[in-house]
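Residue numbers (the working numbering): 51 to 482. Quick notes on the structure that follows.
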Ligand code: ATP
Ligand code: MG
């Protein structure tokens, strides 16, 4: 029961509790490993930026900028925003530190993002993304590399039933011709469009394809396809990408209505979707944004990247009982001790074991031998190390095997007393 006056977390912002963080650490460690294996380097940017960074890069007509940002004035009267996504900050930092100046960069990041949306399954106000951004490559082979990396991550985690949808938004010419055709089509349904879509018909018609309004989505079913408006160049690079995907045996579907929720994309856009998960089914999305770096004041630099929602990813894995989500973090030893002198020796043994890479837990505070043994059993530790009063006087320790398979592998092993300074070597030999 909540006490009166008790302070709670902010709506839509979740604590990740001790029993859940293991999954998070596993996912983050795997990202670091898989991305690192291909030469991607992590970048860490502040979680707050000047508001106009997002307004300029993401686009004023997007849901994010028009209604979802956490924007406020700080004590100096400057307008700041909690970052709603990671790409704008990467571009800002890259320009500011000359990371793109005649250079190529493979970057990745992980961290919290903030959007004032209606909280529901898979949609929170603080959520976490892992993302990748590649700068300096204009050809689709870099895109194929990124798809392969995402697929690898899903495979290692055991995520199933995710479908990759890809589309091409073409270059500026392709989009201009398509926009004209789309507007013409939608004007025929103008009285059925919602207010947002009506406005966007004039400001940014492509955004309408991204509408979450069901009536609008129904109208869009027969809308012209952007793929019929691609320039020769854009068509060729889209074909090239698909050839790479086939060579890598990465399954995909072409979805001509996919535009993604941000204004800055050109050519390739994509989403990975798990249809079993419910309405918030997209776990990862991204695309190419070749014009943004120059538009933000840098040297023209082609760019490609994605953002992946970690809450959605982890919840999907849990729903699927993914076997690879949790890495075994077995405890090597549980140290039992009675009295202050033996406790002091137990602390020293724990320090020594953990310093040398083993894991060891310790009973803290007073407690009967019986009670401590119960805890040792429950801990799942491979071994118990026991320092009773007699052992303490003799600077000795008893070692006992707790883990079943280890007992079976050492059928003749009895509880054995050894010198305390031998514990590390003894335990290491026994566990190997
Ligand atoms: P959606 O259509 O679900 O609103 P989006 O197009 O706004 O997604 P992006 O901006 O592309 O999403 O963000 C990339 C990923 O981040 C999404 O695919 C999703 O997994 C995750 N994500 C986005 N918004 C949220 C949120 N409010 N809560 C949890 N995860 C989110
Ligand atoms: Mg959104």
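Here a beta-carbon is modelled for each residue, glycine too, at the ideal position from N, C-alpha and C. Since the model is a prediction, treat every value here as computed from it, not as a measurement.
Taking 8 Å as the cut-off, is the C-beta of residue 163 nearer than that to any heavy atom in ligand 1? yes
Are residue 395 and residue 447 close, meaning C-beta to C-beta below 9 Å? Yes.
Under the three-state reduction of DSSP, which class applies to residue 139: helix, strand or coil? helix
Through-space distance from residue 174 to residue 220, alpha-carbon basis: 32 Å
Contact test: residue 86 Cβ vs ligand 1 heavy atom, cutoff 8 Å: no
Could you check whether residue 104 and residue 114 sit closer than 9 Å to each other, using their CB atoms as the reference points? In contact: residue 114 and residue 104 (Cβ atoms closer than 9 Å).
Would you decide whether residue 237 is buried or exposed? Buried here means 16 or more other CB atoms lie within 10 Å of its CB. exposed
Please say whether residue 337 and residue 354 have beta carbons closer to each other than 9 Å? yes
Give me the Cβ distance between residue 460 and residue 451, rounded to the nearest whole Å; I'm assuming they're in contact under 8 Å. 6 Å
Please classify residue 403 as buried or exposed, where buried requires at least 16 other C-beta atoms within 10 Å of its C-beta. buried
Verify whether the separation of the beta carbon atoms of residue 347 and residue 97 is less than 9 Å. no
Cα-Cα separation, residue 136 to residue 163: 8 Å
Is residue 272 helix, strand or coil when you go by DSSP? coil
Checking 9 Å against the spacing of the C-beta atoms, do residue 133 and residue 99 come in under that value? yes
When the Cβ atoms of the stretch 148–156 are set against those of the stretch 249–269, are three or more pairs found closer than 8 Å? no
Residue 61 in three-state terms, based on DSSP: Residue 61 falls in the coil class under three-state DSSP.
Which one of 307, 302, 206 has the shortest CA to CA distance from residue 31? Since the first residue shown for the chain is 51 and the last is 482, residue 31 is missing from the structure and cannot be characterised.
Looking at residue 486: is its Cβ nearer than 9 Å to the Cβ of residue 214? Outside the displayed range of the chain (51 to 482) lies residue 486, so it cannot be described from this structure.
Spell out the partners DSSP gives residue 131 in its beta bridges. 99, 121
Just mark residue 86 as buried or exposed, buried being the case when its beta carbon has 16 or more other beta carbons within 10 Å. exposed
Mind checking residue 419: buried by the 16 CB within 10 Å criterion, or exposed? Exposed, since its Cβ has fewer than 16 Cβ neighbours within 10 Å.
Identity of the residue in 161, 76, 365, 111 nearest residue 312 by Cα: The option with the nearest alpha carbon to residue 312 is 111.
Under the rule that 16 or more other beta-carbon atoms within 10 Å means buried, what is residue 383, buried or exposed? buried
To the nearest angstrom, report how far apart residue 484 and residue 277 are at their CA atoms. Missing from the structure shown is residue 484; the chain here goes from 51 to 482 and no further.
Express the C-alpha separation of residue 343 and residue 143 in angstroms, rounding to a whole number. 11 Å
Do three or more CB pairs link the stretch 58–74 to the stretch 181–189 at distances below 8 Å? no
Residue ranges of each beta strand (DSSP E) run of no fewer than 3 residues wholly in the stretch 315–397, ordered along the chain? Within the stretch 315–397, the runs of beta strand (DSSP E) at least 3 residues long that lie entirely inside it are, in chain order, 316–323, 332–338, 353–359, 383–387.
Confirm, please, whether the CB-CB distance from residue 439 to residue 388 is below 9 Å. yes
Do you know offhand how far residue 376's Cα is from residue 326's? 22 Å
Do residue 312 and ligand 1 come close, with the Cβ less than 8 Å from some heavy atom? yes
Residue 180 lies in the alpha helix (DSSP H); which residues open and close that run? In this chain, residue 180 is not harboured by any alpha helix (DSSP H); it is covered by the beta strand (DSSP E) spanning 176–185.
Taking the alpha helix (DSSP H) that residue 295 falls in, what are its first and last residues? 282–297
Less than 9 Å separating the beta-carbons of residue 426 and residue 386? yes
Round the Cβ separation of residue 280 and residue 218 to the nearest angstrom and send it over; I've been treating them as touching at under 8 Å. 6 Å
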